[in-house]
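Data block below; observations after.
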Amino acid sequence: MEKPTGVPLDLLDPILKNVINVSEVSRTEKLSEILDSYANKQNNDIYTIQNTDNKQARGIVVDLDYFLELIYFKRLVEESAAVSVDTAALDSFKKTATAKVDEAADKLEPTHDDLADIMKIAEIEL
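For the sequence shown, the numbering used here assigns the number 132 to the initial residue and increments by one for each residue that follows.
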């Protein structure tokens, strides 16, 4: 997995806020306290646990519900990136929709009720 590059500092704040050494987690009740803080409610607190001897050996502890929400958002972003709009098709759609509304408007006398009819026709045929 590629590491993200150019991450804005404000995104790193939650990760850098709660850095815990692995020895602190293994010798104390800190991990139990963290897990208890996630019980019965979604908690957005993120804890970074790292090895004192190897700063590259690190991981994140995060509430499972919060993690699933983040994964869901990630999937939405990936799927939205895969969707592309053909501008020519969109322009054609706009021209067709405008022509149908104009055609319906030409057939009606300009009254308040007719304007409502035009809007109905446009919504149905769009």
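Where is the CB? At the ideal position from N, CA and C, for every residue including glycine. In this text, all values refer to a predicted model and were calculated from it rather than measured experimentally.
Please state the DSSP three-state secondary structure of residue i.
i	result
Tyr197	helix
Tyr203	helix
Thr229	helix
Leu162	helix
Val156	helix
In whole angstroms, give me the CA-to-CA distance for residue i and residue j.
i	j	result
Asp144	Asp176	11 angstroms
Tyr203	Glu234	44 angstroms
Lys225	Val214	19 angstroms
So, using beta-carbon positions, are residue i and residue j closer together than 8 angstroms?
i	j	result
Val153	Gln187	no
Asn171	Tyr197	no
If I'm right that residue i touches residue j with Cβ under 8 angstroms, what's the distance once you round it to whole angstroms?
i	j	result
Ile191	Ile146	7 angstroms
Lys161	Glu155	6 angstroms
Apply the 10 Å Cβ neighbour rule to residue i and answer buried if 16 or more other Cβ atoms are within range, or exposed otherwise.
i	result
Val208	exposed
Tyr178	buried
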